[in-house]
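Here the sequence shown is numbered in the working numbering, starting from 44 and rising by one per residue. Comments concern the structure below.
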Amino acid sequence: MRHCEITRQTRETNIKLLLNLDGTGKNNIKTGCGFLDHMLNLFASHGKFDLDIHCEGDTFVDYHHTVEDIGIALGQAFNKSLGEKRGITRYGHIILPMDEALILTAIDFSGRAYLGWDMNINAQKVGDFDTELAQEFWLGFVRNSLSTLHFKQLSGTNAHHIIECAFKSAARSIAQAVKINLDYVTEIPSTKGVL
């Protein structure tokens, strides 16, 4: 079973996160930020990851610390659950449509943290969620999952659709990458022998 529990406590947030990579998409998410709850519910459902997240954060300031720290904790959970990454496919990519939005994502669980963020979100907010926080979430994720993740917006005008499409696309790319390749189940997918 590839699963783990992450606890992250700072002066700004208190997070408990449970992740099962080989789940069915069931989730229980309470971050204190409704839009982020919605995105993470979609992420779990589209990736077929079982995901429980409970966060108490300083949302009276804004959602920045909550969003960033959950991205960090989720990245840590993926890194811990994958272990030495033996048998994983390693790479995943998809072009995902949602109404007028079209987002390409591609990921490599390479052991090297990099976020390519080629996104054009015209609105500053979706409800009370600052749209720039989507990038902060994924920065936290890649830095702690030690992955290279690219987002490229091919089309889209509605900020909600663009961000939602990005989370769904990332989930499906990540699901491909963490899937066990039965032809190479005992191998680490790198000529270096380590990731």
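Just so you know, even glycine gets a beta-carbon here, dropped at the ideal spot from N, CA and C.
Hey, how far is the Cα of residue i from the Cα of residue j?
i: residue 72; j: residue 232; result: 32 Å
i: residue 221; j: residue 104; result: 36 Å
i: residue 77; j: residue 113; result: 14 Å
i: residue 80; j: residue 153; result: 28 Å
i: residue 52; j: residue 143; result: 39 Å
i: residue 227; j: residue 219; result: 15 Å
i: residue 93; j: residue 163; result: 30 Å
i: residue 210; j: residue 115; result: 16 Å
i: residue 101; j: residue 82; result: 20 Å
i: residue 59; j: residue 212; result: 25 Å
i: residue 95; j: residue 234; result: 35 Å
i: residue 183; j: residue 98; result: 16 Å
i: residue 229; j: residue 208; result: 34 Å
i: residue 70; j: residue 85; result: 9 Å
i: residue 133; j: residue 148; result: 14 Å
i: residue 50; j: residue 56; result: 10 Å
Determine the closest residue to residue i out of the options, with distance taken between C-alpha atoms.
i: residue 181; options: 110, 67, 228, 93; result: 110
i: residue 45; options: 58, 85, 55, 121; result: 121
i: residue 138; options: 230, 214, 54; result: 214
i: residue 236; options: 88, 129, 64, 136; result: 129
i: residue 202; options: 62, 126, 217, 172; result: 172
i: residue 124; options: 63, 84, 140, 83; result: 63
i: residue 75; options: 47, 196, 107; result: 107
i: residue 187; options: 148, 126, 85; result: 126
DSSP has residue i in a bridge; who is on the other side?
i: residue 62; result: 47, 94
i: residue 144; result: 141
i: residue 172; result: 169
i: residue 73; result: 97
i: residue 194; result: 148, 160
i: residue 231; result: Note: residue 231 sits in no beta bridge, so no partner.
Can you tell me which of the three DSSP states residue i falls into?
i: residue 207; result: helix
i: residue 182; result: helix
i: residue 238; result: coil
i: residue 86; result: helix
i: residue 200; result: coil
i: residue 135; result: strand
i: residue 187; result: helix
i: residue 122; result: helix
i: residue 56; result: strand
i: residue 115; result: helix
Leaving out the 5 sequence neighbours to the left and right, which residues in its chain are closer than 8 Å to residue i when beta-carbon positions are compared?
i: residue 185; result: 118, 156, 157, 158, 191, 192
i: residue 68; result: 87, 88, 89, 90, 91, 92, 93
Indicate, with yes or no, if the ligand ADP has a heavy atom lying under 6 Å from the CB of residue i.
i: residue 114; result: Among the components of this structure there are no ligands whatsoever, and the ligand ADP is therefore not found.
What does a CB cutoff of less than 6 Å around residue i pick up in its chain, not counting 5 residues either side in sequence?
i: residue 160; result: 178, 194
For residue i, which residues in the same chain have their Cβ closer than 7 Å to its Cβ, ignoring the five residues on either side in sequence?
i: residue 198; result: 143, 144, 145
i: residue 65; result: 44, 45
i: residue 223; result: 130, 131
i: residue 217; result: 90, 135, 150
i: residue 174; result: 164, 166, 167, 168, 202, 206
i: residue 47; result: 62, 120, 123, 124
i: residue 189; result: 122, 154, 155, 156
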